[in-house]
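Q:
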Amino acid sequence: MHSYRDPLTDSWSAIQVISTESSLNSWRPSIIADSIGQIHVVWDDQTDYDGSGSDYDIFYKKFVGPPQTPQLFPIMPNPSSSGIVNLYWSDVIGSENYYLYRKVTPISSLAGLSALNQTKESFYIDSLNETGSYYYVIVAENDYGESSFSNVEFVHVDFAESGTDLFSFISNELLIVAGILLGTQILFFVLGILIKSTSNNNSKGKSKGKSKK
1304 MHSYRDPLTD SWSAIQVIST ESSLNSWRPS IIADSIGQIH VVWDDQTDYD GSGSDYDIFY
1364 KKFVGPPQTP QLFPIMPNPS SSGIVNLYWS DVIGSENYYL YRKVTPISSL AGLSALNQTK
1424 ESFYIDSLNE TGSYYYVIVA ENDYGESSFS NVEFVHVDFA ESGTDLFSFI SNELLIVAGI
1484 LLGTQILFFV LGILIKSTSN NNSKGKSKGK SKK
């Protein structure tokens, strides 16, 4: 049996069973991890395994185990004004699937939480349509199980400050058009008064000229 330490979380895993073949005494175990995270173990054993006899033989076992915990990278841009969230994380050697989880509150446990997406890639593009804060974690998986969930990253989405909010855009445009129409009406009203006033003055001038004769 063995356990391993996850350097990202600084915690030790539960004890994992490496071999169940041995039924007699085992001696001088040696263990090493290779560059892709696989565990290799050798030991002396008296077990008569597959007709090997009861003398001491060297046993060897390779153990892959669950993948290491992925690291979720900081989300950029943050805050987001578009609702498009680009998520990237470290590519864990030996993993076959990644599960993405999202909540509107900080994530401390996956209990009762369903995965937002399953992917074999180390990135995902999420699309949000409501203003608020969103929290994400990633879990890696292989044939031997799942990793611990990653560090938590969050993004704040705010459409109101983006200038791309459709309702705000239409409202502003309507106000501009209404202002132009109102200004035009006032201009024509003033011009009408001036024209009428000028016409009246000219008529009075002609009337006075006729009375003097």
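The opening position of the sequence shown corresponds to residue 1304 in our numbering, with each subsequent residue numbered one higher. All C-beta atoms, glycine included, are put in the ideal place defined by N, C-alpha and C.
(1) With DSSP as the reference, please indicate the residues paired to A1443 in a beta bridge.
(2) Apart from the five residues just before and just after S1357, which ones in its own chain have a Cβ nearer than 7 Å to its Cβ?
(3) What number of angstroms, rounded off, separates the C-alpha of A1443 from the C-alpha of W1346?
(4) Measuring from the CB of S1357, is there a heavy atom of the ligand ATP at a distance below 6 Å?
(5) Measuring alpha carbon to alpha carbon, tell me which of K1499, I1342, S1385 and L1494 ends up nearest P1370.
(6) Considering only residues of the same chain and omitting the five flanking positions on each side of H1459, which have a CB-CB separation below 6 Å?
(7) Comparing alpha-carbon positions, which option in S1398, D1429, Y1438 and T1422 lies nearest L1416?
(8) What first and last residue would you give for the beta strand (DSSP E) that runs through Q1421?
(9) Rounded to the nearest angstrom, what separates V1440 and E1456 at their Cα positions?
(10) Around the C-beta of Y1447, are 16 or more other C-beta atoms found within 10 angstroms, so that it is buried, or is it exposed?
(11) For the 8 Å Cβ check, are there 3 or more pairs between the segment 1405–1421 and the segment 1484–1494?
(12) With a 10 Å radius around its C-beta and 16 neighbouring C-beta atoms as the bar for buried, classify V1395 as buried or exposed.
(13) Please list, in chain order, all residues of the same chain as T1422 whose beta carbon is under 8 Å from its beta carbon, the five residues on each side excluded.
(14) Quick check on DSSP: helix, strand or coil for S1314?
(15) Straight-line CA distance for F1411 to G1340?
(16) Rounded to the nearest angstrom, how far is the Cβ of S1450 from that of P1373, given a contact under 8 Å?
(17) To which residues does DSSP link S1451 through a beta bridge?
(18) Which whole-angstrom value is the C-beta distance of V1344 and K1364, which I expect to be below 8 Å?
(19) Can you tell me whether F1491 is buried or exposed? The criterion is at least 16 other CB atoms within 10 Å of its CB, across all chains shown.
(20) How many angstroms separate the CA atom of S1453 from the CA atom of A1418?
A: Straight from the coordinates:
(1) Y1401
(2) Q1349 and D1351
(3) 31 Å
(4) As presented, the structure is devoid of all ligands, the ligand ATP included, so that no description of it is given.
(5) I1342
(6) P1382 and S1436
(7) Y1438
(8) N1420 to T1422
(9) In this structure, the CA atom of V1440 is about 7 Å from the CA atom of E1456.
(10) Per the 10 Å Cβ criterion, exposed.
(11) no
(12) buried
(13) N1400, Y1401 and L1403
(14) strand
(15) Rather than Phe, the amino acid found at residue 1411 in this sequence is Ser. Distance between S1411 and G1340, taken at the CA atoms: about 26 Å.
(16) The pair is a contact, with the Cβ atoms about 7 Å apart (cut-off 8 Å).
(17) Per DSSP, none; premise fails for S1451.
(18) 5 Å
(19) exposed
(20) 14 Å
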